[in-house]
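Chemist: Residue numbers (this note's numbering), protein chains in the order written: chain A, 1 to 535; chain B, 1001 to 1315; chain C, 2001 to 2287; chain D, 3001 to 3283. All C-beta atoms in this analysis are idealised placements derived from N, C-alpha and C, irrespective of residue type, glycine included. The structure's right below; bear with me while I get my questions together.
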Amino acid sequence: MREKIFNGIGIGLLALCFVVALTRIVLMNKGRTDDGRKQITLRLAHWQLENGPREAFEEMAKAYMKLNPHIRIEQIAIPERIYPNWLITQLVGETAPDLIEIGIGMTDELLARYFVPITPLVNQPNPHNRGTPLEKTPLRETFFDGMEGGYNQNLFEYYTAPISGVTIRMYYNLELLEAITGSRTLPRTYEELVSLCEKTRAYAEENQAPIVPIAGSRYNGPMLMNLLFSSQTQKLSERIVPPGLLEADPITAAGAYLRDQWDVETPEVRSGLELMRDVGQYMQPGFIQLMRDDATLLFVQKRAVMICSGSWDATSIRLQSGFDLGVGRIPFPSRDNPKYGKYTEGGLSEAGTNAGLGFGLTRNGPHQKEALDFLLFLASQRANQIWTDVSGWIPSVIGTRAGKEVEPFLPQAEGYLRGLQITIGGGFADTTRVFNTNFHLLVSPLGGVDAFTNAIRGQYPETLVSDLHRYVRTQRTLVQRGDTQLGALSWMASRQGENRILQQRFDTFLQADSFNQQQFYRARLLVEQEKSPQP
Amino acid sequence: MSTPISSRKALHEWKLYLFIVPAIILVGVFCYFPAASAIYHSFFRWSGGTTKEFIGLQNFRDALGDRIFWYSFWVIAILVVSNVIKLVPSILMAVLIHRLKSDRWQYLYRVGVVLPMIVPGLVTLFIWKFFFDPTQGALNGFLDATGLKAMLVWLDGMMGWDVFHEGIPIAWLGEPDLIIPSLIIWGFPWIGAVGVLIYLAGLQSIGTEVYEAAELDGASSWQKFRFVEFPLIMTQVRLSLVMLIIATLQGFGLQFLLLGQDGGPGGRGMVPGLWMFNRAFLAGEFGYACALGIFLFVFILGLTWINNRYVRVEK
Amino acid sequence: MSESSSPAKLDAVTAKRPSDLGKHLVLLLLLGISLFPFYMMIQISLKDNSLFFANPWLPNAPDTWKWGNYLYAMRLILPYVANTVVVSVTATAGCLAISIFGAYFFARYKMPFGGFLWAAFLLLMLMPGVANIVPLFAVLKGLGLLNTLWALILLGVSGGIVFTMYVLRNFIEDIPKDLFEAAEIDGASHFHQIRNVVIPMSGSIIGTLAILTFLNTWNDFLMPLIVLRDPQLFTIGVGLIYLDGEYVKPWGQIMAAFFVASLPLIIIFMFMMKLFIRGLSAGAVKG
Amino acid sequence: MIDFSLSNGRKRFCRSIVALCVIGVISPALAAREKPTPGLDDAWRDAAGFLIDEANRIFAETKASSEDQEIERTLGEALTLLNIQPRTASNLERAEGMLKKMAAKEGRAGVFARYFLARIYEMYSEPPRTDEARAMYQELLRSGGDDPMAERAASALVLMEIYENVSPGERARRFEALETMAGTLKSPSGLRAYHLNMGNGYLYFPKMEGSARKAFDHLMAADRIGITRWQVESMTWIAIGQLAERLGEKELAITYYQRFLDRYQRDNRHYSISKALEALREQ
């Protein structure tokens, strides 16, 4: 009997929850349907779960909704980990939001099939810039990077108007810094960085405090190390790249390697690796196995004096850390450094930084006109001001004032090109894999530079060649794809000769196409020379 | 057994068929149709959208040459074996509870067993994920506190695994060689509420006289278990075995949430289901994913057949 | 059926057996460990990160408890809970209704094609759910059910049917035939027979099955993850996964959210525990 | 949102039940959505926009109303056949067949057909049928007039010749032979592509004597025509500057460095080049 009652209560409770929930849902939808005029809901999807962006989007949306009361803006923030399959699911399922952040998991294929290029608009002024100095400026010119960040090199189209930019910086816990060094001045060179690290070690020793100099993780560690590495190979690159290029592209780097102009034992490369290891020793042991948020946590918990991360983490870190935050450029070795000065030109230039974080306009969206308008609004100076003020991220629109917290992140023109990457880069997957799988040898207490180079020296040549083969294949498909486009464009161009935009596009296309072919032929030559060397 | 029925009566009882129609429709649409369509699409290069290209058996050929796919079966094999072993605690628990004198305690323990089960699976999973966390995780904390870590490091030195190092937090889900161990450790002590309860149900059918007989022969409690109790729950054990194997083969939620779509560093935790999911919703190779699914289905079908054929136990 | 018969028997047996102390220890140990996550969840849910790092293991002093975590958790999770309740309850109800009729169909008579249909249903138990996700996705897309709760409900129902019917059939078959015949003689239609004979006779098992189905839908996260787009529709599963994706994790708030997510079930179970345990212990799931 | 509400869920539910019964029967081509029949212009746009499968379907299905349209249609189908997924030998053969039929034709279509035939020999067939490609390109240059499409053959030929795996001596000879081609080209785009490929070629093989000077001349020529893609332009200007510096034409180097600095403010090379310029000025 007693049990019956209990069951009764249980079921009753459940029923109650059910009714409440149901009414809630029904009402939720009511609120949306029955408000006189037709409501339009635009959805905006992104993976920026750091602190800042979500609030900023909220504000920008508010501002926009004030202008267009009949439009509701919803943002959907998707975790980076599931973003790729979320993306493809939504696109294929044709339930994709109207505007989707382009980047993770995006391929040319998807872009071309599911997104609308905004190329026709880039040469007209942005209507939402009316009343600003940019009133008459064509959209493309209103971005500090000339909207390069929104341009797809392979599809020859603009797909988005990026609203922010990113740079990589060193974050410092000023209070710890002061406690350790007695001053709040940030290290500007690698030498100063090292001395700070040493002081920190000593400090931790005598105070029995669990403090490490640099908070590392498999995300933050290599970020810093790779930057430092490429300072050592600058002069090497200058030796091997032909005039005009200055920075070593995959073909040049691989070619030089096959022509024995460098390998993992070359003094420059070796010194770069030693530099990586040296700085790695100042991060917490085993950092290479830790995740991004482990490092951030370590830093905001005052267990580390510095952390290297992108400008995108600024607000998260600022909000999490209960201490004064210092931000500075990556401290590179200076030329007069006895050990690491020989091969370096100096710090890296950030002048070429492109704007990022752009939203693509999906084809199947029911309200494309409105979505496009909102996209333009996001790209307007006014919205960009809100963006940078609220999110603390770098603005992308010319004339937007960066707050004093954003200032230290702005791209710095002064500096040189980064030197050759040991992983070649440019989709040289196997080479990169060999590098990464052995990376722990470079940093682990048991390992060392020799252990690392010994491990990879053997594998490098063939992975490089196999990568070259892949490069040839992909480059070839790129060229082939170009053929169909070339035909179509040239046919259309000859048809509607007066269409200036089309003509321009065709013209630039031709140049890009020949460049792709040249890269293909150079890569193939390398492969064949490897097979049958010529005297 | 349901009573046989004359065709005349059946004709007269035609209305009964209406009872089964809803079930047929739903199952047909949401289970059989997708399955059929999966078979159909496995012959296409299909990116999920409108365009698809017929490519015959190509997908299957690719699957046969797909290293990751085969590796994933290897992983599954390990998991299945470990899961079978993981049945032991539940059985042990059931037997212990059953042997208790007082009914009230028996009941209390049952409640205790059910409790963890009503914490949503995801929550348990995420909590475990948090246990595995290298720096803040409970597992490392425990190992350090108890000094087991030191032992592991020593073992490592002996075996030369180069996995455990002094003063370096163990990254359970970050170090390739630890992925599978982590997957096995997960959910310790592996008490399955449903399992325990149905075993108890089985045990209840043991008659007093059996025990008394055992007592008279002076059987040890292990012998009692081996010859009296275990045979009686064999049916249930077998049932949960089948369920478990099927579930393990099909499931990939655990790997998906703990390790992500790539099966963790080095893809060491990749299981067939996850690989399918990965191909479909990451690479957009939906057709290929279907082909993989069919391999998996055939595989499971085979296993279950074997199970029914040879693992049969008479009730 | 129920344990009502066992005590006498057991006491008779256990009288001669040694004390249970050892058993209790082992059992408590096992239970303790399997409840440990639960403990961690609750005690961490009342800390903020710095407190948590200061002392990860033991609960902190009540005056430092961070109830704010729960405010945050409520605001975040309750909507998800609501959606999940709607989905699970509807799905469970639908699943049971359909299965009872289905089971009755199979259990009552050997209808023509009955055997074939039965085999067809059983085969489903083997099909790898994953294998069908992709086409299933296409089906839902075709029906315009993507990003709706209906999709989850229908999937919940169709997913549960087979197993539920399988178990119910065994049960209904065990019901003495004469009961049905008697009812038939009174001119009871099949509906009446189900209402007056089947349901009363298999009440506890139906309850158990209900709970199992409920749990399945409640815990599902894969389909919601694929089907749902709008945060307003998220079920607990998706909600928690999104929460797990945050870059900097406020463990306290997260654990609080976990706790809130578990709460509804815990409450309901507190009341229906007996029903559930009896159902399962009654050997509901036969080999 | 509206559509997902439960408030009008019943309607939706009934609808879906009906739909359920329907799809129980029909084929799995659920996703297929009917669109208004598009014309050739849409097809070309799709092809240019990289929606090649879509374009191909349109070309294949369109019923040509006139002789010209049929030619256009076939051309389009052939061009898209080259790139529809999955790439198959049969598609390639079909494309080649269609193009061969039109290769003899006068006017644009003929030029197109010949150009892409050459491309097939060069870029698609495994192994490449280099000689046929070479022959076809030369044929195009003879017969194509100043059609930019025809003159693209020149730049293609350059790449084919100089990047083949041959002895340095042989390569030098080929460069020599290709030099003569400059005179025959008329269209700006053709000429520019030719010069750029030659110039970069010389840069890539610096060991050949006189290659610096030759590279310099070609790049200058290309720049005189005018480069419109900034990636190429900036690269060329710097290259010219550095070559000029080596060849001792200080003034020219300065002008080109300066030009680059003025035009490309935000370029990673800006700082280095400005340094180089200072150094140059100080001499």
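(1) Can you tell me whether DSSP reads Pro1231/B as helix, strand or coil?
(2) Does Leu3030/D come out as helix, strand or coil in the three-state DSSP assignment?
(3) Please report the distance separating the alpha-carbon of Val194/A from that of Asn220/A.
(4) Is the Cβ of Pro97/A closer than 8 angstroms to any Cβ of chain B?
(5) Please say whether Gln421/A and Gly399/A have beta carbons closer to each other than 8 angstroms?
(6) For Ala295/A, would you say it is in contact with chain D, using Cβ-to-Cβ distances shorter than 8 angstroms as the test?
(7) With C-beta atoms as the reference, is Thr2213/C less than 8 angstroms away from Thr2092/C?
(8) Does the beta-carbon of Ala351/A have 16 or more other beta-carbons within 10 angstroms, so that it is buried, or is it exposed?
(9) Determine the chain C residues that contact Gly10/A at a beta-carbon separation under 7 angstroms, and present them in chain order.
(10) State yes or no: is the C-beta of Glu3071/D within less than 8 angstroms of the C-beta of Ala3109/D?
(11) Output needed in chain order: residues of the stretch 227 to 255 of chain A with a Cβ under 8 angstroms from some Cβ in chain D.
(12) Counting pairs of Cβ atoms below 8 angstroms between the stretch 1208 to 1221 of chain B and the stretch 2055 to 2071 of chain C, do you hit three or more?
(13) Bridge partners for Leu325/A per DSSP, in chain order?
(14) Taking Phe1230/B as the reference, give the member of Tyr1017/B, Pro1022/B, Tyr1199/B and Ile1245/B with the closest Cα.
(15) To the nearest angstrom, how far is it from the Cα of Gly2252/C to the Cα of Leu236/A?
(16) In this structure, how does DSSP classify Val26/A when only helix, strand and coil are distinguished?
(17) According to DSSP, simplified to helix, strand and coil, what is Arg1045/B?
(18) Could you tell me which residues DSSP pairs with Gly310/A in its beta bridges?
(19) Starting from the Cα of Met2074/C, find the closest Cα among Phe2259/C, Gln2232/C and Gly2114/C and give me that residue.
(20) Please classify Ile2268/C as buried or exposed, where buried requires at least 16 neighbouring CB atoms within 10 angstroms.
(21) Taking all protein chains shown into account, decide if Arg1110/B is buried (16 or more other Cβ within 10 angstroms of its Cβ) or exposed.
(22) Please report the residue range of the alpha helix (DSSP H) in which Gly3076/D lies.
(23) If you follow the alpha helix (DSSP H) that Ile3164/D is in, where does it begin and where does it stop?
(24) As an exercise, report each continuous alpha helix (DSSP H) stretch of at least 4 residues that is fully enclosed by the stretch 3196 to 3253 of chain D, in chain order.
(25) Below 8 angstroms on C-beta distance, what does Met1093/B contact in chain C?
(26) Check whether the Cβ of His959/B lies closer than 8 angstroms to any Cβ atom in chain A.
(27) Name the chain C residues that come within less than 8 angstroms of Glu3/A, Cβ to Cβ?
(28) Could you give the residue range of the beta strand (DSSP E) that holds Pro125/A?
(29) Could you tell me whether the stretch 1238 to 1251 of chain B touches the stretch 1077 to 1090 of chain B, using the rule of 3 or more Cβ pairs below 8 angstroms?
(30) What are the boundary residues of the alpha helix (DSSP H) that Arg1099/B is part of?
(31) Which same chain residues end up closer than 7 angstroms to Ala540/A when comparing Cβ atoms and leaving out the 5 residues on each side of it in sequence?
(32) Residues of chain D with a CB under 7 angstroms from the CB of Val479/A: which are they?
(33) Would a C-beta distance cut-off of 8 angstroms place Phe377/A and His46/A closer than the cut-off?
(34) Under a three-way DSSP split, which group does Glu80/A fall into?
(35) Just to confirm my understanding: we take Leu2058/C, look at its own chain, exclude 5 residues before and 5 after, and list those with CB closer than 8 angstroms. What are they?
(36) Could you check if Val1237/B is buried or exposed, using at least 16 other CB atoms within 10 Å of its CB as the buried criterion?
Modeler: Reading off the structure:
(1) helix
(2) Bear in mind that a pLDDT of 36 at Leu3030/D, under 50, signals an unreliable position, so the number given afterwards is only what the model happens to contain. Three-state result, Leu3030/D: coil.
(3) 18 angstroms
(4) no
(5) no
(6) no
(7) yes
(8) buried
(9) Ile2268, Phe2271 and Met2272
(10) The residue asked about is misnamed: residue 3071/D is Ile in this sequence, not Glu. Against a cut-off of 8 angstroms, the Cβ pair of Ala3109/D and Ile3071/D comes out as a contact.
(11) Pro242, Pro243, Gly244, Leu245, Leu246 and Glu247
(12) no
(13) Asn173/A
(14) Tyr1199/B
(15) 51 angstroms
(16) helix
(17) strand
(18) Ile168/A
(19) Phe2259/C
(20) buried
(21) buried
(22) Glu3067 to Leu3081
(23) The amino acid at residue 3164/D is misidentified as Ile; the sequence shows Glu. Glu3164/D -> no alpha helix (DSSP H), and no H or E assigned at all.
(24) 3211 to 3225 and 3230 to 3246
(25) Leu2027 and Leu2030
(26) Any question about residue 959/B goes unanswered here, given that chain B covers just 1001 to 1315.
(27) Lys2274 and Leu2275
(28) Looking at the DSSP string, Pro125/A is not in any beta strand (DSSP E), and its letter there is neither H nor E.
(29) yes
(30) Leu1087 to Arg1099
(31) The shown model of chain A, from 1 to 535, leaves out residue 540/A, and the question about it has no answer.
(32) Met3123
(33) no
(34) helix
(35) Gln2043
(36) buried
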